[in-house]
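Heads up, the thing below is written out as structure tokens.
In our numbering, the protein residues as written are 3 to 58.
Below is the structure:
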């Protein structure tokens, strides 16, 4: 991941039954606001990667 453009790797480490589960939902206050923004960026990056792989 260190060499990837977004510094994250598209690697699924959880079983399929858990892959979309959310265990942490940050608030919009304090440090959590920055965490929330970063998580949204990661989700958007993964969605874009999926679209590219499907060719749409």
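All C-beta atoms, glycine included, are put in the ideal place defined by N, C-alpha and C. Just so it is clear, the structure is predicted and the values come from calculations on it, not from any experiment.
Inset, instruction - Whole angstroms is fine: what's the gap from residue 29's alpha carbon to residue 43's? - result: 16 Å
Inset, instruction - Between the Cα of residue 24 and those of 31, 9, 13, 45, spot the shortest distance and give me the residue it belongs to. - result: 45
Legend entry - Contacting residues, own chain, Cβ-Cβ under 6 Å from residue 12 (five flanking each side not counted): Around residue 12: 51.
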